[in-house]
Structure formats: C-alpha cells, structure tokens
Amino acid sequence: MKTVKLSQSSDLMPTLGLGTWQAPPEVIEPAVYKALDLGYRHIDTAFNYNNEEAIGTAVKKWLKDGKGTREDLFITTKLPHIGNRASDVKKFLKLQLERLQLDYIDLYLIHVPFGFFYNTDTLTPLIKSDGEYDLDVETDHIAIWKVMEECQKDGLIRNLGLSNFNEQQIKKIIDAAIIRPQVLQVELHAYFQQVELRKFCTDHEIVVTAYAPLGSPGAKDHFVNKYNYSPDAFPDLLGHPKVKEISKNHNKTTAQVLLRFLIQENIVVIPKSTSEARIKENSEIYDFEISKEEINELRKLDKGENGRIFNFLFWKGVERHPEYPFKLC
Ligand SMILES: NC(=O)c1ccc[n+]([C@@H]2O[C@H](COP(=O)([O-])OP(=O)(O)OC[C@H]3O[C@@H](n4cnc5c(N)ncnc54)[C@H](OP(=O)(O)O)[C@@H]3O)[C@@H](O)[C@H]2O)c1
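If you want it as structure tokens, here you go:
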C-alpha cells in the first residue's frame, strides 16, 4: 500500500482508504474485513455514520485472526457536530474508542466547523419546532483543538486534523496550535477540484484527503429522497464521456481513472464501497499512470464552487451558524 508521510508525527498514511458513510453495521463489518484482506490498511469512519462499533469488530477479528498488527492500520474517525465544544471532546473520543474497540485513533478530525446542541440521552442534534437545528453559536475551534492536543499527548490520538473547514478557519487553528493540523478532509473530485485550498494545504504541510472522490453517486438517492434535493444537483461523473475515453486508453474502469487522477495530484482517496468487487476494483489504481495530457483534460472538468455537492444545507438553518464554512452560490 502506498503511503504519504505526515509531517509532524512521521506516521505513514495510506493514500487509499475505505470510506464507510451510508454503510450500515451489518454490511460494513464483512466489507471492512474483506477490504483488509484485499490490502486496504486505512479505514475512514465517523461518529455520525453509526457504524464505528461494527468497524471495530471487523478490525478486532482481523487482528485476532493473525492477519496483521494494529500498527499496520490507519483508522480515522471524527468528532461529531454535536460534540463541537471543548467540554465534550473527551466524552465523545472515549465513546468512539470504546465503539471502535481501540486504544488509540490514528487520525481524529473535527468533522465540521459548526456545532449543534444535542439530546444527551440519544446523542442526536436538537431540532426546533420549525425544523431548524438548534445551533450552538459559541463553537470555539481553538478551545476544541487544545483539548484534542491534550488527547494526543495522552496517546489517545496519533494525528489531528480537520474536515470541511475553510482556509480562514484552518489558518486560525494553525496560528494557535502546538500540534498543527496534519490532514484536511474535504469534498474533492473531478467536478470540484479545490485548487486554491489544496495549494494552501501544500504550503502548510497538510495532507488533503478527498471525500466523495467518485462524485458520491450514493448521495443522490439519499439527498433526493430524504431532503428533497433536485436530482440535477448530482451529475454522473462515472459516466462522463472524457473519463470514459481515458478509461478505455488504459483498459481501466472510470472509477479507477477518477481515483488515479486524484492520487497523481497527491491527494489521498477514500472511496466508499460495500461490494467486494468494487472494493477490489477501487484498490487496483497503482498499476497504471494517466498521461500529462489526460491529467490536463481531467483538470478541465473542474466546475469550481458549482461542483460542490455537500453544502450541509440539509441541516436546516446551518448556514446561519457563525462558523458555517462555505460561500453559498
Ligand atoms: N468528512 C465529511 O464530511 C465526509 C462527507 C462525505 C463522505 N465522507 C467520507 O468519504 C467517503 C467517500 O465519500 P462518499 O461515500 O460520499 O462517495 P464516493 O466514495 O465518491 O462514492 C461512493 C458511492 O459510489 C459507489 N461506488 C464505489 N465504488 C464504485 C465503483 N468502482 N464503480 C461504481 N460505483 C462505485 C458506492 O456504492 P457501493 O457501496 O454499492 O459500491 C457508493 O454509492 C465516505 O464514505 C466517508 O467515509 C466524509
């Protein structure tokens, strides 16, 4: 498995990981075990995916079966929006470690820059009678980061990072941090290439991880059915004629071309699949190289901000949070 070295810990982060959003526990458990057997060493989950326990069980079984050691693995999880306050970081981290059945997490990300109040029994966000989320407008990134630094010192987290933060928000943390963010996980695919944010990250030795690297085809049904999004907001990246043409040149699938493109741009990818065939397909991206001309063609697919799928507006009222990170088109 190819890796990238994280600048402060010198830990090796595999450039391919298994995404697990929308994968229910009973499905993700065998999928993670299979992915590990197929050579994946990096798994991406989150409190909000409701599958940490099943992932922990798969990892534990794989280790117990003698197939590898804990040190071989790179497990990422994320502090949820409802835990986005200094007083809650340790509570959520402890719970997540228990669920994952791990002594430490390789990479802990603040999932989103905004925070919600929550029901302490169900650990779900509070929603007001008008359907709006109950925003905790006091979200203090520096205070949260300081507690995460303590947890790193205590050996509970090896690396700290951010997700869905904008450049200004990241800069503020860098300026106050003892341990700087090592990784930024953001939406990134051929339609939304995040060129400026990537340059900023390179300048600050932050590794960029692409979520939705295939354009998140599975998000379409989810957002259209659950949140009434227009289906037109989800163009078919896997079926794009240019991607198809390049895939034919290399005798590869369009998914493999989209992933390989990002890898060649020095981006870590975490495609989600629970199908054994597609988990395998998505890992076969290191045995070919996209030419410079083809890379340039793929770069031209970038729609900038218009290519964004994940704006989080499905959390009604979230754009009024002072730390809502995106400019709305
Ligand atoms: N930090 C964040 O806020 C955030 C947000 C979104 C996602 N993420 C992370 O990033 C991961 C990846 O993003 P994503 O799941 O949204 O999107 P994605 O990886 O771009 O796409 C996943 C979808 O594509 C399908 N798929 C996978 N491989 C395929 C292939 N080779 N050919 C055709 N279809 C394929 C999957 O279905 P099957 O399972 O049926 O194969 C699934 O529906 C997530 O799972 C999660 O871990 C993070």
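The sequence shown begins at 1358 in my numbering and counts up by one.
For every residue, glycine included, the Cβ atom is placed at its ideal position computed from N, Cα and C.
Since the model is a prediction, treat every value here as computed from it, not as a measurement.
Does any heavy atom of ligand 1 sit closer than 7 Å to the C-beta of residue i?
{"i": "ARG1635", "result": "yes"}
{"i": "LEU1363", "result": "no"}
{"i": "ILE1620", "result": "no"}
{"i": "GLN1453", "result": "no"}
{"i": "TYR1568", "result": "yes"}
{"i": "GLN1542", "result": "yes"}
{"i": "PRO1628", "result": "yes"}
{"i": "PHE1667", "result": "yes"}
{"i": "LEU1373", "result": "no"}
{"i": "GLN1379", "result": "yes"}
{"i": "THR1559", "result": "no"}
{"i": "HIS1468", "result": "yes"}
{"i": "LEU1492", "result": "no"}
{"i": "SER1632", "result": "yes"}
{"i": "LEU1520", "result": "For the sequence presented, residue 1520 should be read as Ser rather than Leu. At least one heavy atom of ligand 1 is nearer than 7 Å to the Cβ of SER1520, so yes."}
{"i": "SER1573", "result": "yes"}
{"i": "THR1610", "result": "yes"}
{"i": "GLU1638", "result": "yes"}
{"i": "GLY1376", "result": "yes"}
{"i": "ALA1443", "result": "no"}
{"i": "LEU1595", "result": "yes"}
{"i": "ALA1392", "result": "no"}
{"i": "ALA1576", "result": "yes"}
Where residue i and residue j are concerned, what is the direct C-alpha to C-alpha distance, given to the nearest angstrom?
{"i": "THR1757", "j": "LEU1519", "result": "Residue 1757 is absent from the model: the chain starts at 1358 and stops at 1686."}
{"i": "GLN1379", "j": "ILE1627", "result": "14 Å"}
{"i": "HIS1561", "j": "ARG1555", "result": "10 Å"}
{"i": "ARG1456", "j": "ILE1462", "result": "12 Å"}
{"i": "LEU1594", "j": "PHE1683", "result": "22 Å"}
{"i": "ARG1665", "j": "PHE1549", "result": "6 Å"}
{"i": "TYR1475", "j": "LYS1577", "result": "27 Å"}
{"i": "LYS1503", "j": "LEU1363", "result": "20 Å"}
{"i": "GLN1613", "j": "THR1631", "result": "16 Å"}
{"i": "GLU1602", "j": "ASN1639", "result": "18 Å"}
{"i": "LEU1492", "j": "SER1648", "result": "47 Å"}
{"i": "ASN1663", "j": "GLN1551", "result": "11 Å"}
{"i": "LEU1314", "j": "ASP1497", "result": "The displayed coordinates of the chain run from 1358 to 1686. Any statement about residue 1314 would go beyond what the structure contains."}
{"i": "LYS1629", "j": "VAL1389", "result": "11 Å"}
{"i": "ASN1668", "j": "LEU1430", "result": "31 Å"}
{"i": "LEU1459", "j": "ASP1401", "result": "14 Å"}
{"i": "SER1444", "j": "PRO1382", "result": "29 Å"}
{"i": "TYR1568", "j": "VAL1625", "result": "9 Å"}
{"i": "GLY1425", "j": "ALA1392", "result": "13 Å"}
{"i": "ASP1733", "j": "VAL1564", "result": "Residue 1733 lies beyond the stretch modelled for the chain, which goes from 1358 to 1686, so this question has no answer here."}
{"i": "GLU1428", "j": "ARG1537", "result": "23 Å"}
{"i": "GLN1509", "j": "ASN1606", "result": "46 Å"}
{"i": "TYR1397", "j": "PHE1591", "result": "28 Å"}
{"i": "GLY1596", "j": "MET1358", "result": "28 Å"}
State the start and end residues of the unbroken alpha helix (DSSP H) segment that holds residue i.
{"i": "ASN1606", "result": "1598 to 1607"}
{"i": "ALA1392", "result": "1382 to 1394"}
{"i": "HIS1561", "result": "Note, HIS1561: premise wrong, no alpha helix (DSSP H); not H, not E."}
{"i": "GLU1507", "result": "1498 to 1510"}
{"i": "GLU1409", "result": "1409 to 1421"}
{"i": "PHE1449", "result": "1443 to 1457"}
{"i": "GLY1575", "result": "1574 to 1584"}
{"i": "GLU1524", "result": "1524 to 1533"}
{"i": "PHE1618", "result": "1611 to 1621"}
{"i": "LYS1637", "result": "1633 to 1640"}
{"i": "LYS1689", "result": "The structure shown does not extend to residue 1689, since the chain spans only 1358 to 1686, so no value can be given for it."}
May I ask you to check if the CB of residue i is nearer than 7 Å to at least one heavy atom of ligand 2?
{"i": "HIS1399", "result": "Ligands present in the displayed structure are limited to ligand 1, and ligand 2 is not among them."}
Taking the continuous beta strand (DSSP E) assigned at residue i, which residues delimit it?
{"i": "GLU1544", "result": "1540 to 1544"}
{"i": "SER1520", "result": "1514 to 1520"}
{"i": "THR1360", "result": "1360 to 1362"}
{"i": "HIS1399", "result": "1399 to 1401"}
{"i": "TYR1465", "result": "1462 to 1467"}
{"i": "ILE1432", "result": "1431 to 1436"}
{"i": "PHE1371", "result": "Just to set this straight, residue 1371 is Pro in the shown sequence, not Phe. It spans 1369 to 1371 - the beta strand (DSSP E) in which PRO1371 sits, taken as one unbroken run."}
Can a CB atom of chain B be found closer than 8 Å to the CB of residue i?
{"i": "ASP1644", "result": "Any reference to chain B falls outside this structure, which holds one protein chain only."}
Check your understanding: Are the region 1435 to 1443 and the region 1408 to 1424 touching, with three or more C-beta to C-beta distances below 8 Å?
Key -> no
**Study point:** Three-pair Cβ contact test at 8 Å for the region 1481 to 1491 versus the region 1662 to 1674
**Key:** yes
Exercise for review: Check whether the region 1538 to 1545 touches the region 1509 to 1519, taking contact to mean three or more Cβ pairs, one atom from each stretch, closer than 8 Å.
Suggested key: yes
Review point. Should the region 1569 to 1584 be called in touch with the region 1651 to 1658, which here means at least 3 C-beta pairs below 8 Å?
Key: no
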